[in-house]
Structure formats: C-alpha cells, structure tokens
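Below is one structure, written out as structure tokens, with a few remarks after it.
Chains as they are written, first to last, in this note's numbering: chain L, 2 to 555; chain U, 1065 to 1435.
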C-alpha cells in the first residue's frame, strides 16, 4: 500500500542569516532555482511514496549512508562516519542536515532514500523524550512561542533562528566547534550583525559557547542510554485512542483516533470526531513513528491536509495538529489509548455560578459517576461511554468560585473553573506575528488567530484562569506611529466574530506612505460581554513581511 | 583618442535607429567632466552624466552581483567593484567598459574568502588592498581562518594574485588609504595599517573608546564615499549617560561621526544629533562642513556644532546612500529600487530623478568623480 512518510515542514530554503545578508530579501536566481527544486521535492514527498518494508529500512539506511555519505564523510572505527556519527537529532533535524547537503554540497539522493535515511538516523541517533521536552514547540510549529533562554545563548545562538533548533541537538565539544566554524564560514556577515559586532564573536563562540553547549547538550547522556533500553515497540501504539483538542476560533473537539499497523513503525490512521457543536471532525491518513515516540502523521481532515507532530509516551499521545499549508491553523491534541484509564479533558473548562450547562469529559476507560465538587449538581447523564461522559449540570449561585478538580470514579481529572464574574480578559497569544503574503508571491499569508481568556478572582482574591470565552474582535493602532501610518487600514482585516486576522497582500503598496508594504503594529482587542458591561483584553500583533526561509525547525 | 571617440560616436549613431535608449558601452567619458557611478541588479555598472542628470552609459559586469560596492581609481579611469557575493574584485575601464582587472579573493581551491566591504586603492592607483575573511572548506568540515590583508598590483590583469599579504584583525569593513600611504581600516577600532610591513596599530579606538559617560558606539557602515575633501567618514550611534552611574534609562542616544581626512590624517570624532531616526548614510556638505546630511526614511540636515536638526524632507521611499556633486550644489540619493532622487541641499526640495535600467541598487555606493 502506498504510504506517506513525511516530515512536517517545507524543506529548508537557506537560512535566516542568509536572507539577512541579502539585504532586501530578494531571491537570487540561484536561490530561486533551489527553491523550485526544493518545493518539487516537498511536493513529491507529500503526494505519495512507496516505502519499502520498514523492516528492511535499518539495513537499507546503513547501505544508503555508505553509498551517499562516504566520500565526504570519513569512515571511522566501528562503522562510524565522521561528523554524522557524533550527533543526535530529531527527525526534522536530520532532514534539515541532509537537505543542506543537497542544497549546499551537491548531494544527490532520491526522495525515497532520503526518507529511509532520515528514519534510520532519527532512530539510531535521536533524542530521548525528556531531551526534547521544553523545545517541542519548535517541532510543533508554534511560531508565536516566545523563547526564554539566557541572554548570552539568545544573543550568540538564537539571534537568527530559534534556540530550540540548538536545544534539539546533541553533540560533543568538537562537533559544536565544527558548527561554529560552519556558521561563520557560510555566513561571513554574521560577525558584523548587531549583537555580534559589539564583541569578539568568534572568540566567544569558540571559547565560551562551545564548552557551554557541550555541557548543556552533550552527545552522551544517561537519558539517551536509558531510552534506547526501554524504547517500546511501535506496534503497541496500534489501537483506538480517545482524543481531545481545542481549535482556536472553532472550539473544543473530541473523538477517537484509530491506528492500524501498516508496516514496521508505520500506521494507517483515521480520526472520527466532532466539535462541541456537533460539526464533524473526521479524517484519515498515515503516520510514522520515529525513535519509539516521535509520531508524525499526514492526514486529510474534512478535506484539509493536516499534519500531526506528536509525542507518544506513557500511554498518551500529545502534541499539535496543523494544516499542511497553514501551520498557524491547528489544534493542541492529546489522546489516551483504549485500555488505559485516563481522564484527559473537561469541555468546556468552566461553569458560571447560577446557571445550567453541559459538560463533556474526554478520556479512556471512563466509568463511574462524575463529581464536580461543591455547588455543582449533575442533573442528567446525557451520554456515557468509555471515551466520553456528557452530563448536564446545575451550578448553584453560591458555588465556591475558583479552580476545582473533576472526579470520575477513582480518577482525578482536569481542572474545572467555577466563576461568578470575569475580572479580566487576556488575549491569547498576548504577542504574535502575522505575515503578509500572496499577491503573486511564493509565500501565502500567515494569519493571526486569537482567543479571549477569561480570568476571575477566587475568595482569597487570587486570580485564576476561567477559560476561553467568546469575544468580539477588533484591531487598533499599537502606537502613534501605527496610527500615523494607517496600519489598521493597510495591514489586514480582523474578523470580529472569530478572532481571525487575515493580513494584507505582499509587496510594496503604492497607496502607502513611501510605498511601504502592508506591515503593521496593531493592538488586538477582545471585547467580552458580561452583565451588560464590556470587558476588554488587549494583545499585540506585528504584521510583517514573509518568512522566506521556513525550515522544519524555525 | 579622437579616432576612438569618433568611432564610438559612429557606433552610437548607428545604433540610434535600433536601440536609441541604450548608449554604447564603449562611449568615452569626457575629460574634466563630472559623472556619477553606481551599480545595480542584475549586474550593471552605470555611468551618469551629472550635467544633465541622465544615464551616460551602462557597463555589463561579469559573474554575480553583490554587494556591487565600487571605488573610482585615483586617475578616474577605472571603477573597482567588489562583487560576485563578496568574493571577487573587478576593475572596469570606464571608457571601454572592459574588465581589465580581476582578483578572486580566495587563494586556494578549498578556500572561500570574502571581503566584507574592505577594499581600497592607493593614491597613486598602483595598488589595491582588500581584507579578506577566509574559510577553509575541508571534505567534511569548515575551519574559519584568520583575516588577511591582500595587496594587489592594479596592473595584474585578469588573474591577479596578491603581491603580498599580512594578518589583519577580525571584523574589519571599510578602509581607505591616505595620501601618505597609511591605510586606515575600520573594524572593532579604526586601525592604521602599514601595507609594506603589515604592522598595524589602533588609530582611533571605537568599540574600545574611553569617552567618559558614553557607551561603546555602534557602527554599521558600508558605504566608502570618495569625497572631494578626501574625508573618510563613518557614522556611529551611542548612548550618552547623565553621569558616571551610566543609567541607560536616562541616557541620551546620539548620532555621531568619525572622520579621517586622507590629506592630513587628522582624525575627528563628534556627535552631531540626537538619535531620533535612523540614517544609513550621512555626509557633510563640501560647501559647509558644519552641515550633515543623513538619509534613510527621510533626508535630514543637521547643524553639527549646534547638534540641531535644521530641516528634513519626506521621501517617496527609502534611500540608503547620499552623495554630493563636486560643487556641493546637488544631493543624490541612491540605493533601494532603481531610481536616484536629486535634492537641492539648501532647500531640501527634490529637483529631479534618474531612472536606471535594471533592478535594485541595494547597498551600492554612488561615487561622483571628474574624469
């Protein structure tokens, strides 16, 4: 059967630094050719590819490695190859390395062979689950995540690309040193850029950063040694998974994902689910498991191509699903396997005191009576299966406000908020980036997608999160400059109903002052109605130029 | 010479019918006449006649564009262009458009070497200098090498090899040679370099300056203006503190300039403005050196002594590079797109525009010269 093995990204198109050197970002003929080639590759990869038996893959991976990589990479003791054998990376990390060999060093490799090689290397030299923790947002394409590394690391390593790209690699000192030399050799303008030209960049990189990185992200670790021992058999993931998710602007979603083994480490996948309002959320596709836990799925859901970047550990699959063409449109996704007993979510995640509402518990192996704590009475059980318990509840007007835990039989579940008054509205994400696009260019628009998060005050006066609530959306100039430049008029359109901001068209705009493009600096305003009053929350959105360079790990 | 010129004229006349708009590349420049040179995409070297502010001719350059930084030789017969992704220097004879000098900066087959705007010519026109940043590209890894000053004979032709080379500091960018043969190289500090011995010293501390109650200055400047007054000048920005507590919150941000007069080797450093907007380039008026003109999103005129903004003109788009005609009566704004705006420096009114064939001038430097 035809099987898609893909990694969730567009192929690398050079690097951010490269584009910074290229002052106005215009592609040279060479980069254009490469881009065309690369997008053809990505396309052929996404459409379909017959993967030979995965059982053979390891053997084949080794053969491909020898056939394609020896020549530049030098054989070392015990089947090792220079450089390659001294690094560990995620599947996306290996793909980026191989793609760079193609783009910059003339490697010729068929797509099938590249897929096999990525799988082989990601399995053999991957990261233990806890080594990828804390940096998975980059794999999950959460591009509005604001990183929080220390200042020196941020300036030395995460100035041009994400810090996660570094944190998702493991190397010994010598390899980090090679990486420093590669960076400056490939992009000589690097040491002239802001936060480089104020210091002896190369000296600091070699003498201070290399030892720090080797210490922070070492090649050899107990976590990796242990993981190689305990790495479970992929076939154990076959079966039914009860899932819960939340799609910004659309709401909560739940259902069952079925995974059937199609080959070694490969699955056919189907999703059968629905939104809280009953709109179907169905789809099917395939998935590959890398390194015993890195689940990468490629599905069509309600006619839209979507990817799954999930981690399958300890009976749970967790991560993010997003549209293949628009990774800003996606959902947090968590699933529990049939046969385990787990309470994943309560939808919605809050109740208003003095009202009746419907609540849905999502999990697996669910049984028994739900209990929602003092002041919340279950009126009717509307539905009860092992994956779902749907109830109608009444919340007393004097029910204690604040956060409480849901109980179901012996299970203690997710948090449920009970509130009387919303005291504050926050815009999520608080700070975000949307990008102009389209208009005949190669890069689509990147939307802004927002949600209103309600907060209350508990009896002790402490703020607590109520949950995501409906709001009316608008944008305003962020500052005087934005007002003067009419950013609201040019930068794009906010949908009042669902908080989706669609940026303007790419390219210089002759209607704007100085023919500037449709960039903007906007306040994002969420207006929430409560007892005839309007509560407002505010975020900031930068509408900026295209991300020309969009590798799998940003 | 006369013969050549009439041939060129014939060539021009002959082409009038077919391609009236395109001047022949071998059209001779008039002696004692003022021109302006600039490069742009895809890889053009344009010569503009500043008496009419029209395109005089266009020389097609070999290999790839980037950065297209150019210098005019002291005898005004050639343009030297750093190009091909910072890896090669080309000498173009302006009369013929012929490439008469070519130096590939890398010295070994497994080396990549790029000059980050480091190019200068000796006042007698006989030698050309470049600080290159080399990287050894080995089979499976790179090794960043130490920068070298490479010295070329400008008579070396199309396969120029360095006459000599010397270790140079890292992070150098612009450089120019004084009339006495001292090579001033801007980097972390501004160095004076002896091109015959390789010895160099700090001529002016920049990153390491010890100005009381100032932060270290920041410099991003890669436009090697060749000015009538032989001024080698670079803009900086800095924070000026209230007192020795050096509190950034109350600091005043300043624009300033470094200047080395290449006739006298006199070095100046002065603030000229509060930092309220960015300029990519700034030049002092050849008529009144107390006036500074800066450009990026606006064209601004400052009184240096008073540190006062005198006037600012709105622009139709950003321009990167400012240049004066020799007389100081016209200001040319170039960089970004393919059009050069002309301003009256007294009134700051726009008085013209020159549209160039080809694309973006990017970070090219406009050089005005009298042939």
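Think of the CB as a built atom: it goes at the ideal place given N, C-alpha and C, for glycine as much as any other residue.
Within its chain, find whatever has a CB closer than 7 Å to the CB of residue i; leave out the 5 residues flanking it on each side and keep chain order.
{"i": "residue 241(L)", "result": "257, 259, 339"}
{"i": "residue 164(L)", "result": "148, 150, 154, 155, 158"}
{"i": "residue 413(L)", "result": "406"}
{"i": "residue 1327(U)", "result": "1243, 1294"}
{"i": "residue 77(L)", "result": "83, 86"}
{"i": "residue 333(L)", "result": "246, 247, 321"}
Can you tell me which of the options puts its alpha carbon nearest to the alpha carbon of residue i?
{"i": "residue 1266(U)", "options": "1132(U), 1246(U), 1362(U)", "result": "1246(U)"}
{"i": "residue 261(L)", "options": "405(L), 272(L), 253(L), 81(L)", "result": "272(L)"}
{"i": "residue 530(L)", "options": "423(L), 476(L), 456(L)", "result": "423(L)"}
{"i": "residue 266(L)", "options": "298(L), 433(L), 110(L), 115(L)", "result": "298(L)"}
{"i": "residue 1(L)", "options": "1432(U), 1420(U), 1378(U)", "result": "Since the displayed chain L opens at 2 and closes at 555, residue 1(L) lies outside it and no answer follows."}
{"i": "residue 375(L)", "options": "395(L), 364(L), 356(L), 400(L)", "result": "400(L)"}
{"i": "residue 1424(U)", "options": "1280(U), 1113(U), 1174(U), 1403(U)", "result": "1403(U)"}
{"i": "residue 1195(U)", "options": "1093(U), 1350(U), 1231(U), 1172(U)", "result": "1231(U)"}
{"i": "residue 560(L)", "options": "349(L), 363(L), 395(L)", "result": "In this structure chain L extends from 2 to 555, so residue 560(L) is not present and cannot be described."}
{"i": "residue 369(L)", "options": "404(L), 469(L), 385(L)", "result": "385(L)"}
{"i": "residue 1302(U)", "options": "1272(U), 1413(U), 1407(U)", "result": "1272(U)"}
{"i": "residue 201(L)", "options": "1233(U), 1388(U), 1384(U), 1093(U)", "result": "1233(U)"}
{"i": "residue 1371(U)", "options": "1337(U), 1352(U), 1380(U)", "result": "1337(U)"}
{"i": "residue 1353(U)", "options": "1334(U), 1262(U), 1229(U)", "result": "1334(U)"}
Per DSSP, residue i forms a beta bridge with which residues?
{"i": "residue 458(L)", "result": "464(L)"}
{"i": "residue 1240(U)", "result": "1248(U)"}
{"i": "residue 1323(U)", "result": "1297(U), 1332(U)"}
{"i": "residue 282(L)", "result": "274(L)"}
{"i": "residue 1110(U)", "result": "1102(U), 1122(U)"}
{"i": "residue 521(L)", "result": "544(L)"}
{"i": "residue 451(L)", "result": "Paired residues: none, contrary to the question."}
Which class does residue i belong to by DSSP, given the choice of helix, strand or coil?
{"i": "residue 1149(U)", "result": "coil"}
{"i": "residue 357(L)", "result": "strand"}
{"i": "residue 121(L)", "result": "helix"}
{"i": "residue 415(L)", "result": "strand"}
{"i": "residue 421(L)", "result": "coil"}
{"i": "residue 315(L)", "result": "coil"}
{"i": "residue 573(L)", "result": "Because chain L in this structure spans residues 2 to 555, residue 573(L) falls outside the shown range and cannot be described."}
{"i": "residue 302(L)", "result": "strand"}
{"i": "residue 1119(U)", "result": "strand"}
{"i": "residue 74(L)", "result": "strand"}
{"i": "residue 1196(U)", "result": "strand"}
{"i": "residue 540(L)", "result": "strand"}
{"i": "residue 487(L)", "result": "coil"}
{"i": "residue 98(L)", "result": "helix"}
{"i": "residue 66(L)", "result": "helix"}
{"i": "residue 1378(U)", "result": "strand"}
{"i": "residue 116(L)", "result": "helix"}
{"i": "residue 482(L)", "result": "helix"}
{"i": "residue 40(L)", "result": "For residue 40(L), the predicted structure reports a pLDDT of 38, less than 50, and the residue's modelled location is therefore unreliable. A value from the coordinates is still provided. Here residue 40(L) sits in helix by DSSP."}
Spatial neighbours of residue i within its chain, please: CB distance less than 8 Å, with the 5 preceding and 5 following residues excluded, ordered by chain position.
{"i": "residue 1176(U)", "result": "1151, 1170, 1198, 1199, 1201"}
{"i": "residue 546(L)", "result": "26, 436, 437, 507, 518, 520"}
{"i": "residue 303(L)", "result": "281, 282, 283, 284"}
Who are the Cβ neighbours of residue i in its own chain at under 6 Å, not counting the five residues just before and after it?
{"i": "residue 292(L)", "result": "123, 124, 127"}
{"i": "residue 1127(U)", "result": "1148"}
{"i": "residue 540(L)", "result": "428, 431, 525"}
{"i": "residue 328(L)", "result": "142"}
{"i": "residue 211(L)", "result": "174, 177, 178"}
{"i": "residue 1297(U)", "result": "1321, 1323"}
{"i": "residue 1278(U)", "result": "1302, 1304"}
{"i": "residue 447(L)", "result": "329, 435, 436"}
(Q) Using a Cβ-Cβ cutoff of 7 Å, what residues of the region 163-192 of chain L are near chain U? List them in chain order. (A) 179, 182, 183, 185, 186, 189, 190, 192
Q) the region 1174-1190 of chain U: which residues have C-beta closer than 7 Å to a C-beta of chain L, in chain order? A) 1176, 1178, 1180
Q) Taking a cut of 8 Å between CB atoms, which residues from the region 1272-1306 of chain U lie near chain L? A) 1280, 1282, 1283, 1284
Q. The region 56-83 of chain L: which residues have C-beta closer than 8 Å to a C-beta of chain U, in chain order?
A. 73, 74, 75, 83
Q: Taking only beta carbons into account, state which residues of the region 199-211 of chain L come closer than 8 Å to chain U, listed in chain order.
A: 199, 201, 202, 203
Q | Residues, ordered as in the chain, of the region 486-520 of chain L that lie near chain U by beta-carbon distance below 9 Å | A | 509, 514, 515, 516, 517
Q: Could you run through the region 1220-1246 of chain U and flag, in chain order, every residue whose CB is less than 7 Å away from some CB of chain L?
A: 1234, 1235, 1237
Q: Select from the region 1201-1213 of chain U all residues with a C-beta closer than 8 Å to any C-beta belonging to chain L, and list them in chain order.
A: 1201, 1203, 1204, 1205, 1206, 1207, 1208
Q | Residues within the region 1096-1113 of chain U neighbouring chain L, beta-carbon criterion of under 7 Å | A | none
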